[in-house]
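In terms of our numbering, the sequence shown has 161 at position 159, counting the first letter as 1, and numbering is strictly consecutive.
Report on the following structure.
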Amino acid sequence: MERAKLAIVGAGPAGIAAGIEAKVAGIEPAVILEKAEHICDTIERLYRPGKRVDAVYRGVEVAPIGICKFETESKEEFLERIKKWVEEYKLDIRLKSEVNYIRRVEEGYEITVNNEPKFLADFVIIAIGIFGQPKKPDYPIPKEVRDKVFFEPPNVCPAGGKVLVVGGGDTAAEVAAFLCPKCEVYISYRRPQFFRINPVNMKILEEKVKEGKIKLLMNTDIEKLEAENDRVKVYYKDGKIDTYDFVYYCLGGSTPKGFLKYIGVEFDLEDRPKVDDYFETNLPGVFLAGDIAVPKGSIQLAFNTAHIIISRIKEKYLK
Ligand SMILES: Cc1cc2nc3c(=O)[nH]c(=O)nc-3n(C[C@H](O)[C@H](O)[C@H](O)COP(=O)(O)OP(=O)(O)OC[C@H]3O[C@@H](n4cnc5c(N)ncnc54)[C@H](O)[C@@H]3O)c2cc1C
């Protein structure tokens, strides 16, 4: 079993920032365990090529408080920045290392990787994000249309067709803008107006709406889907019915509750993992960072949670 002072689970923005903060704070050895074949899997997989990585996300400006910060730039530039940090700070990242279980033993926390106990660590930071599990609607998706209904943003635009994008956040706005040059695009959002789209996306959306390339279906809620002649028939709760070639749900991700509950993290009455002001769980020395630690995550917020946690480990445990 390999011994580490700190084990970080997940090499997304939160995990990488935690590794950097730990290095600078002298908390060593620190190992970052990442289940994918590359770092930043959410960004690699779900951001389409050339996507703007906004420093102000969901309309919320987050001031940097630690070492890691960035300005709005493209997906490729952002990933390049992260790779440079990994080299500069000589982070020890183990790819293809999925953490399945964490349990308290006498010497610290035993960490099971790819179904084998592999590491013993004094502290654990869990930074596994929420996008491994995209949020899905309550109604069933008929199996006949499963190849036409998507829960992740597209990387390639279909050659044409009528498309419904469901959601009211930045991702919905970006997906609609990406699809509209080739497709007839509709956005269904259950509120009367958008309130958490950043100004850049909002401006693009307004332009496309004005040009008639995107049509907004505000105040609409979907009741059910059915298959109809190789297309998706959408029943809205207000009685309207329409048929689309493709449906893209952009509803965000959900906390990986199963994993957290399995390792013994307690949840509050709202079914959110219980953490203190420094993101420490009920398991002493086990912290949550990034999207799983905060209600509405962003990259800068993920960086900041990492800074708070490492400062806390130093202050509380290593003084
Ligand atoms: C389409 C889209 C567009 C977005 N655009 C922006 C934007 O413009 N600006 C912005 O600030 N935010 C944006 N976000 C949100 C942003 O991506 C997240 O807030 C951020 O990635 C959170 O970082 P994280 O490190 O907490 O989690 P993630 O980035 O999700 O990283 C988690 C990592 O943990 C790994 N992992 C998961 N489970 C395990 C396990 N059991 N063992 C080992 N490794 C594991 C995953 O493979 C992944 O690499 C966007 C999100 C999406 C989906």
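Virtual Cβ for every residue (Gly too), placed ideally from N, Cα, C.
Quantities reported herein were computed from a predicted structural model and do not represent experimental measurements.
Counting only the same chain and skipping the five closest in sequence on each side, list residues whose C-beta sits under 7 angstroms from that of residue i.
i	result
V26	I69
T307	A16, F281, A291, G292, A295 and V296
A20	I10, I127, A129, A291, A308, I311 and I312
G266	L285
D232	none
L48	F133, E154 and P155
Does ligand 1 have a heavy atom nearer than 7 angstroms to the CB of residue i?
i	result
L48	yes
V277	no
T114	no
I130	yes
E78	no
R54	yes
Y91	no
D232	no
E100	yes
T44	yes
I29	no
I391	With the chain covering only 3 through 321, there is no way to say anything about residue 391.
D293	yes
Y246	no
E36	yes
P66	no
G260	no
Y264	no
V11	yes
Y59	yes
P15	yes
A1	No information on residue 1 is available, as it lies outside the stretch 3 to 321 that the chain covers here.
In three-state terms, what does DSSP make of residue i?
i	result
F261	helix
E221	The question names Glu, yet the displayed sequence has Asn at residue 221. In this structure, N221 counts as coil in the three-state DSSP scheme.
R83	helix
K164	strand
E272	coil
R198	coil
F152	strand
G292	helix
S313	helix
Y319	helix
F180	helix
V26	helix
R193	coil
D244	strand
R233	strand
I206	helix
P15	helix
T114	strand
A308	helix
L303	helix
Which residues in the same chain have their Cβ closer than 6 angstroms to the Cβ of residue i, if we skip the five residues on either side of it in sequence?
i	result
G110	L122, A123 and D124
F196	G170
L207	A175
R105	E112
I301	P15
Compute every distance between the C-beta of residue i and the non-hydrogen atoms of ligand 2, then say whether any falls below 7 angstroms.
i	result
T173	Within the structure as shown, ligand 2 is missing, the only ligands being ligand 1.
Less than 8 angstroms between C-beta atoms, sequence neighbours within five positions excluded: which residues of the same chain meet that for residue i?
i	result
Y141	I224, E225, K226 and L227
K263	F269
P1	Because the chain spans 3 through 321 in this model, residue 1 falls outside it and cannot be assessed.
Does residue i come within less than 8 angstroms of chain B when only Cβ atoms are used?
i	result
V58	Of the protein chains in this structure there is only one, and it is not chain B.
Sufficient close CB pairs (3 or more, under 8 angstroms) joining the region 234-253 to the region 158-174: The region 234-253, when compared against the region 158-174, does touch it at the 8 angstroms Cβ threshold.
Should the region 112-120 be regarded as contacting the region 93-102, the criterion being three or more beta carbon pairs within less than 8 angstroms? yes
Are there three or more Cβ pairs, one per stretch, closer than 8 angstroms when the region 159-169 is compared with the region 181-198? yes
Touch check for the region 28-42 and the region 51-61: three-plus C-beta pairs under 8 angstroms? Too few Cβ pairs lie closer than 8 angstroms, so no.
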